[in-house]
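Notes follow the structure.
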Amino acid sequence: MEANQLDLFADIALPKSACKPESLCMDAEALVRWKTKIAAHQQRTKENQLVQGTLFDVAKAHIDPDKIDPFNLCIHPMSFYRLPVDSPGAACIYFVLDSAVELILYIGETCRSNKRWQGTHDCKRYLDNYQSLHYQHGLSSAINMAFWWDAPVQTKPRQQLELSLIQKWQPPFNKENWQRWSQPFR
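So in my numbering, the last spot in the sequence shown is 187, and the numbers never skip.
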């Protein structure tokens, strides 16, 4: 093959993929506005949770999502899943938080808390993009995990509880809320 053959295509500019931008294009002001809207919703939810009572003391067939306050749970670093463990873990509901602004970014459930975040998890990519954009704009973020350990062991009730919490708190990285908050970090 001749060296000049590759020169045939030297002047052609190949289009960049629309799917994978080289950098995230949200400016600092837009990022702060986006976070502020979500945090305001979650703060209202938290305040309503504290004052909301019940007219009748009705026994619930499932765990009441209003009794779970993700902001009052013990937080752990995102690297928790890299620590050596002697068991696969337990059933739980977990919350991915930006503790710098009291923001719930993601809610999930698992029956194997020590294994769930090993390997591939889409939320890891969203978090990497989220943190990169904060770094790019000189904004602070503090990504942590919080676990609620009283989750049902049975899958279906645990998933129902997870969905109730997602609907209540509306974290932006859960697909159920992408339409409301958009998907800037996907």
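Don't be surprised by glycine CBs; every beta carbon is placed ideally from N, CA and C.
| Check | Outcome |
| --- | --- |
| Measure the C-alpha to C-alpha separation of asparagine 178 and histidine 138 and round it to an integer number of angstroms. | 25 Å |
| Taking the continuous beta strand (DSSP E) assigned at leucine 106, which residues delimit it? | 104–111 |
| When we look at the beta-carbon of glutamate 163 and count the other beta-carbons within 10 Å, is it buried (16 or more) or exposed? | buried |
| With DSSP run on the structure shown, which of helix, strand or coil describes proline 78? | strand |
| Whole angstroms are fine: how far does the CA of isoleucine 76 sit from the CA of lysine 176? | 23 Å |
| Since I believe threonine 111 is in contact with tyrosine 127 (beta carbons under 8 Å), could you give me their beta-carbon distance rounded to a whole number of angstroms? | That belief does not hold up - the Cβ atoms of tyrosine 127 and threonine 111 are roughly 17 Å apart, past 8 Å. |
| Do you know how far the Cα of cysteine 26 is from the Cα of isoleucine 105? | 22 Å |
| Could you tell me which uninterrupted alpha helix (DSSP H) segments, each at least 4 residues in length, are contained entirely in the segment 144–181, listed from first to last along the chain? | 156–170 |
| Here's the rule: buried if 16 or more other CB atoms are within 10 angstroms of the residue's CB, otherwise exposed. What is arginine 187? | exposed |
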